[in-house]
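Visitor: Sharing a structure below in structure tokens format, with a few things to ask.
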Amino acid sequence: MSNFRWWKEFAVFTLGVIGVGVSVNALSEIIPQGWQVVLIACAVLLIAGGMHLHVKRKEEREREERDRQEREREEREQREREERVRVREVLAVKLKRQPGVFNFLLAPWIAENTPEYRAVDAAMNKALEEFRSACEQHGVNPGQSNWFHDKAAQSLFEATGDDRWVTVGRNVENLYSKAAAIYAEHERGLGETYNKPAMAPTAETARAFVEVAQSVVQQIQSLRRSGSA
């Protein structure tokens, strides 16, 4: 492209010189020969100066256009960085049992029907769903325990090259370990089988847990939108 532009400028300059020569030759009968040389030299200098000025202005316009495109690219990248949710390590609060003798005695049977229990359970499941969807896109086993979530996050990092997945994995692990407090479990200890009953958390701790879980979901969704999953 630059070679073509050079030849185009050279052709214009050559045609200008030829035009001046033809014009001076046509007036040779009334213009002395010495003045003909002077006129041709002046015309050539004017044409050369005009062409040089034209080329300089064209280069300046191209440079300004490149600078403008570079600024727009930098501004666009900056906006994209600002739009992304900042991935940071968060810690969910410890879920506390609702106070009172009534809740202590009857909660194991009614806990799963309380709004606080359902809110924590829904928030936890949403975070796990988003995390496992990201894992499935890369053939990573999300696992079924907090240790496997941390391991899956490391595999996501290796698959995408984005180390923010490691932080997300720790966040999911933390949510999973804290939410475990509300779920009923069957455990074996000292040769006897016993139950860990479900727990209805307090409204305050349930609300705080949900807020943290929602922030983790936003982190995962942001990474997936940015192409990291």
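Oh and the sequence shown: position 82 is 213 in my numbering, straight run, nothing missing. Heads up, the beta-carbon is just placed ideally off N, CA and C, and yes, glycines get one too. No experiment lies behind these values; they were computed from the predicted model shown.
Under 7 Å between the Cβ atoms of Ala331 and Gln229?
Guide: Residue 331 sits at position 200 when you count from the first residue of the sequence shown. Residue 229 sits at position 98 when you count from the first residue of the sequence shown. Yes; because the gap between Cβ atoms is below 7 Å, this pair is in contact.
Visitor: What is the C-beta distance between Leu259 and Val299, in whole angstroms, given that I count them as a contact (C-beta under 8 Å)?
Guide: Stepping through the sequence shown from its first residue, residue 259 is reached at position 128. Stepping through the sequence shown from its first residue, residue 299 is reached at position 168. With a Cβ gap of about 12 Å, Leu259 and Val299 do not count as contacting.
Visitor: How is Arg217 classed by DSSP in three states: helix, strand or coil?
Guide: Residue numbering aside, residue 217 sits at position 86 when the sequence shown is read from its first letter. Of the three classes helix, strand and coil, the one that applies to Arg217 here is coil, per DSSP.
Visitor: Could you compute how far the alpha carbon of Asp252 sits from the alpha carbon of Lys327?
Guide: The count along the sequence shown starts at 1 and reaches residue 252 at position 121. The count along the sequence shown starts at 1 and reaches residue 327 at position 196. For Asp252 and Lys327, the distance between alpha carbons rounds to 17 Å.
Visitor: Buried or exposed: which applies to Val186, given that a residue is buried once 16 or more other Cβ atoms fall within 10 Å of its Cβ?
Guide: Position 55 of the sequence shown, counted from the first residue, corresponds to residue 186. Classification for Val186: exposed.
Visitor: Which runs of the beta strand (DSSP E) at least 3 residues long sit entirely within the segment 278-338? Give them in chain order.
Guide: 316-320, 323-327
Visitor: Rounded to whole angstroms, what is the Cα-Cα separation between Ala339 and Lys225?
Guide: Residue mapping note: residue 339 aligns to position 208 of the sequence shown, counting from 1. Residue mapping note: residue 225 aligns to position 94 of the sequence shown, counting from 1. Whole-angstrom Cα-Cα distance: 9 Å.
Visitor: What residues are listed by DSSP as bridge partners for Arg228?
Guide: Along the sequence shown, one-based indexing puts residue 228 at 97. Residue pairing for Arg228: DSSP places it in a beta bridge opposite Pro332.
Visitor: Hey, quick one: how far does the alpha helix (DSSP H) through Ala258 stretch, first residue to last?
Guide: Taking the sequence shown and counting its residues from 1, one reaches residue 258 at position 127. That run of the alpha helix (DSSP H) goes 246-268.
Visitor: Could you check if Glu316 is buried or exposed, using at least 16 other CB atoms within 10 Å of its CB as the buried criterion?
Guide: On the sequence shown, position 185 is the one that residue 316 refers to. Exposed.
Visitor: Kindly indicate which three-state DSSP category Ser346 falls into: helix, strand or coil?
Guide: What you label residue 346 is simply residue 215 of the sequence shown in a count that begins at 1. In this structure, Ser346 counts as helix in the three-state DSSP scheme.
Visitor: Since I believe Val347 is in contact with Val221 (beta carbons under 8 Å), could you give me their beta-carbon distance rounded to a whole number of angstroms?
Guide: As a first step, residue 221 is located in the sequence shown; it is residue number 90 there, counting from the start. As a first step, residue 347 is located in the sequence shown; it is residue number 216 there, counting from the start. In this structure, Val221 and Val347 form a Cβ contact; the two beta carbons are roughly 7 Å apart against a cut-off of 8 Å.
Visitor: Using the three-state DSSP reduction, which class does Val271 fall into: helix, strand or coil?
Guide: On the sequence shown, residue 271 is found 140 positions in, with the first residue counted as 1. Reduced to three states, the DSSP call for Val271 is coil.
Visitor: Quick check on DSSP: helix, strand or coil for Ala242?
Guide: Start at 1 with the first residue of the sequence shown, and residue 242 comes out as number 111. Residue state for Ala242 is assigned as helix, using DSSP reduced to three classes.
Visitor: Taking buried to mean at least 16 other C-beta atoms within 10 Å of its own C-beta, is Arg207 buried or exposed?
Guide: In the sequence shown, residue 207 corresponds to position 76, counting from 1. Counting Cβ neighbours within 10 Å, Arg207 comes out exposed, since fewer than 16 surround it.
Visitor: Quick check on the burial criterion: 16 or more other C-beta atoms within 10 angstroms. Buried or exposed for Asn305?
Guide: The count along the sequence shown starts at 1 and reaches residue 305 at position 174. Result: buried.
Visitor: Going by C-alpha distance, which of Lys309, Lys257, Asp294 is nearest Gln352?
Guide: Counting from 1 along the sequence shown, the entry for residue 352 is found at position 221. The option with the nearest alpha carbon to Gln352 is Lys257.
Visitor: What's the call for Trp296, buried or exposed, on a 16-neighbour Cβ count within 10 Å?
Guide: On the sequence shown, residue 296 is found 165 positions in, with the first residue counted as 1. Buried, since its Cβ has 16 or more Cβ neighbours within 10 Å.
Visitor: Straight-line CA distance for Glu191 to Glu201?
Guide: By one-based count along the sequence shown, residue 191 stands at place 60. By one-based count along the sequence shown, residue 201 stands at place 70. The straight-line gap from Cα to Cα measures roughly 15 Å.
Visitor: Work out the CA separation of Ala329 and Thr245 for me, nearest whole Å.
Guide: In the sequence shown, counting from the first residue as 1, residue 245 sits at position 114. In the sequence shown, counting from the first residue as 1, residue 329 sits at position 198. Their Cα atoms are separated by approximately 11 Å.
Visitor: Between Ser264 and Ala334, what straight-line distance do the alpha-carbon atoms span, to the nearest angstrom?
Guide: Reading the sequence shown from its first residue, position 133 is the one you call residue 264. Reading the sequence shown from its first residue, position 203 is the one you call residue 334. Distance between the alpha carbons of Ser264 and Ala334 is about 30 Å.
Visitor: Sorted by chain position, which residues of the same chain lie with C-beta nearer than 6 Å to Phe288's C-beta, five sequence neighbours on each side aside?
Guide: Translated into positions along the sequence shown, residue 288 becomes position 157. Answer for Phe288: Asp294, Trp296, Val297, listed in chain order.
Visitor: By how many angstroms is the C-alpha of Lys189 removed from the C-alpha of Glu196?
Guide: Counting from one through the sequence shown, the residue named residue 196 turns up at place 65. Counting from one through the sequence shown, the residue named residue 189 turns up at place 58. Approximately 11 Å between the Cα atoms of the pair.
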